[in-house]
Amino acid sequence: MSEPLLCTRCREVVVPKVVRTLTFDGRVLKEYRCPRCGSVLLIQEERISLPKRGVEKAVGLYIALEGIGGAGKTYFAKRLVALLEERGYSAVYVKEPWIPAIKEFIHKHDLDPDAEAYIFAADRIILQKEVVIPALSENKIVVSDRSVYASIAYQCARRVNE
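Numbering of the sequence shown is given in my numbering, commencing with residue 77 and proceeding in unit increments.
In structure tokens, the structure reads:
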């Protein structure tokens, strides 16, 4: 819970509502807002620290297609893989979520946003370790239908804090 702050507009001490916004350069902006009038009382900036993992150097190419549902990502990703293979490149198509049982579970249940974020993260780790990293290590082109950026967008929209 946040410490009480003075709202200069309402002229009252309030317990602020905290709104977190993820930026594309890896920062999280925390805005402390007055719950009554919505005024921004304080802005703090945090850096996201990701765990360091010993991943061998991959030499292939990773292409991720992003967009809203129904935009044509799947069609264009599969078409791109076909065109690359026609031209003699070794290409792999992947789609997130990767594991069918996870996809089915997520779509059947109304999950807590934090739990959903962890499930997507677990699925992505499996996909990376089983398919993406080995393919890139073999100098293949990986074409992905969605990526971590889709998860960031969806989870921020659902107000996931971490």
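No residue lacks a Cβ here, since even glycine has one placed at the ideal position from N, Cα and C. Keep in mind the model is a prediction, meaning the values are calculated, not measured.
A distance below 7 Å between beta-carbons, with the five flanking residues on each side excluded, links Gly164 to no residue of its chain.
Within the model, the alpha-carbon separation for Gly145 versus Arg123 is close to 30 Å.
DSSP lists no beta-bridge partner residue for Gln231. Cβ neighbours of Gly143 within its own chain (closer than 6 Å, five residues either side excluded): Lys149. With a threshold of 16 other beta carbon atoms within 10 Å, Tyr108 meets it and is buried. Exclusion of the five residues before and after Lys171 leaves Thr150, Ala153, Ser220, Asp221 and Arg222 as the residues of its chain whose Cβ lies within less than 8 Å of its Cβ.
Judged by DSSP secondary structure, Val157 falls outside any beta strand (DSSP E) and instead within the alpha helix (DSSP H) spanning Lys149 to Glu162. Asp188 sits exposed, since fewer than 16 C-beta atoms from the chains shown fall within 10 Å of its C-beta.
Burial check for Leu159: the Cβ neighbour count within 10 Å stays below 16, so the residue is exposed. Per the C-alpha coordinates, the member of Asp199, Ala167 and Val168 positioned closest to Phe181 is Asp199. At the C-beta level, Glu121 and Leu105 come within 8 Å of one another.
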